[in-house]
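So for the sequence shown, the working numbering puts the first residue at 392; every next one is plus one. Where a beta carbon is used, it is the ideal one built from N, C-alpha and C, also for glycine. Down below is the structure, laid out as C-alpha cells.
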Amino acid sequence: MTRLIIQIPALNEADQLAETLAALPRSIAGIDEIEYLIIDDGSSDSTGAIAQANGAHHVVRNKKTLGLAATFQVGLEACLKLGADIIVNTDADNQYRGSDIETLIRPILINKADIVIGDRQLKKTKQFAPMKTWFQIFGSSIVSSLSGTKVPDAVSGFRAISSSAAVRLKILSRFSYTTEMIIQAGNKNLVIQSVPVSTNTVTRPPRLYQSTTGFVLRQAVTILRMYAMYRPMRFFFSIGAVLAFIGVVPLLRFLFFFAQGEGGGHVQSLVLGSAFLILGATFAIAGLLADLVSQNRKILEETLERARREDLAAKATQPENPDSDSQAAAIPTSQRTAAKGLDAGKSAVRR
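Quick look at the structure:
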C-alpha cells in the first residue's frame, strides 16, 4: 500500500488555505491513500481551524513561529511518523496547482528519482519581475553546479520526496529549505529530477522576505554555508589559493627590486606579500582540518539515519497509545479528542 501525504507549511493563511486544500487531488493512479498535513507555524489567525474544517487529515501546530525552513522539517518528521511513502510539499497560498501533483510524484512512483522539483518555467512566467526571474535563473545555475545536479528552478517549494530520501535530509537553515535541500541531496547522491508545472496567479506579496535583494543575500549565505559543509577542502583551498596568488604579486615586485639592489625601499611589498601568503596557508590548513571534520560528520549522519529508520520501523509496529506523546501523530480521530493537549516534540499533532 502506497501512502502519499501532502504537507503544507502555513502561517496566517486562513484566507487562502481553503482554496488550496480544495484543489488537492483525492485520488491518483498508483497511490492507495492520500492525506493532507498542515503545519501551522504559530499562526495568530484561524489557520488551524480552517484546515480541519476543509479536509485536512492532520494538523501540526508549532508553539511559536519557527520560520519556513524549520516548519518544513517539522512536516517531514510528522509525515515519516505517519507512515508516508511519498511526501509532497506545496505552498499554502495556492501558487501551485494541485492537478500537477500526479506529474510531480510519477518519477518517484516508477523509481526513477528520490526527489522531484516542480519547474515553474521561469522564462515563461509573466507574474515575476524580470530582475527577480534573472536572479532565480542565475541562482539555480549556481545551486546546480555546487550540488552536481540539474535544477532549473532551485527555489521552487513544489517538490516530492520519497520516504527514503526524507530520512536522509536534515534542514539546518532558519530561512528557507529550498537550496539547502538540493545541495544536501546532491552531495548524498540522491537522484533529483525536475518536471514542468503550472502556477496560479499569487494574490498577495510573499511573506518569506521583504525584498528581492534580501532574499538573494540570505540564499547566498545558505549556499556558501552548505558548500563549505559538504566541500570544505575545495572551499577553503580556493580561498587560500586566491590569497596566496595576491601575496605572490608584491613578493615578486620586491624580488625584482632586490635583484637590482633596491630592496631596502620596498620592504612594504615583502611584508604585504608575506602576510597574504600566511593567510593563504592558514586557509589551506583550515581546509584540511574541515575535511577531517567533514568525514566525521558523514559517519555521524549515517548513524543518525540508521537510528531514525529503526525508530520509525519500531513505531510502525507499536500499538496505538493515546497516552504517549511520541505516538500522538498516529492516534486516530476517535482517540485524539481526549489527547488534544499532547505535544509531539515542538508541535502538537491533531488528527
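#1: For GLY577, I'd like the list of residues in its chain whose CB is within less than 8 Å of its CB, leaving aside the five on either flank, ordered along the chain.
#2: Within its chain, find whatever has a CB closer than 6 Å to the CB of LEU500; leave out the 5 residues flanking it on each side and keep chain order.
#3: Under the DSSP definition of a beta bridge, which residues are partnered with PRO543?
#4: Measure the alpha-carbon distance for GLN651 versus ARG644 and round it to whole angstroms.
#5: Report the option in ARG550, ILE552, THR570, ARG559 whose CA atom is closest to the CA atom of VAL534.
#6: Out of ALA666, PHE627, ALA504, which has the shortest C-alpha to C-alpha gap to ILE676?
#7: Can you tell me whether VAL740 is buried or exposed? The criterion is at least 16 other CB atoms within 10 Å of its CB, across all chains shown.
#8: Give the secondary structure of GLU404 by DSSP, where H, G and I count as helix, E and B as strand, and everything else as coil.
#9: Going by beta carbon distance, what residues of the same chain come within less than 6 Å of GLY631, once the five residues before and after it are set aside?
#10: Please report the residue range of the alpha helix (DSSP H) in which PRO641 lies.
#11: How many angstroms separate the CA atom of GLY732 from the CA atom of VAL451?
#12: Since ALA551 and LEU495 should fall inside the 8 Å C-beta cutoff, what is the C-beta to C-beta distance between them, to a whole number of angstroms?
#13: Using a Cβ-Cβ cut-off of 7 Å (strictly less than) and excluding sequence neighbours within five positions of ALA440, which residues of its own chain qualify?
#14: Would you mind working out which of LEU642, ILE430, ASN485, GLY656 sits nearest GLY664, comparing C-alpha positions?
#15: With DSSP as the reference, identify every bridge partner of GLN512, one or two as the case may be.
#16: Kindly indicate the opening and closing residues of the alpha helix (DSSP H) around VAL586.
#17: Would you kindly report the start and end of the unbroken beta strand (DSSP E) that includes ARG452?
#18: Along the chain, where does the alpha helix (DSSP H) containing VAL465 start, and where does it finish?
From the atom records:
#1: LEU537, SER538, GLY539, THR540, ILE583
#2: GLY421
#3: BP columns for PRO543 are empty, so no partner.
#4: Rounded to the nearest angstrom, the two C-alpha atoms are 11 Å apart.
#5: THR570
#6: PHE627
#7: In this prediction, VAL740 scores a pLDDT of 43, lower than 50, which makes its location untrustworthy; the coordinate-derived value is nonetheless stated afterwards. Per the 10 Å Cβ criterion, buried.
#8: Reduced to three states, the DSSP call for GLU404 is coil.
#9: GLY671, PHE674, ALA675
#10: 623 to 650
#11: Because the pLDDT at GLY732 is just 33, under 50, the model does not fix this residue reliably, and the value given afterwards should be weighed accordingly. Those two C-alpha atoms are separated by around 12 Å.
#12: At roughly 5 Å, the Cβ-Cβ gap stays under 8 Å, so ALA551 and LEU495 are in contact.
#13: none
#14: LEU642
#15: Its beta-bridge partners do not exist; DSSP assigns none.
#16: Taken as a continuous stretch (DSSP letters only), VAL586 belongs to no alpha helix (DSSP H), being part of the beta strand (DSSP E) at 583 to 587.
#17: Note, ARG452: beta strand (DSSP E), 449 to 453.
#18: 459 to 472
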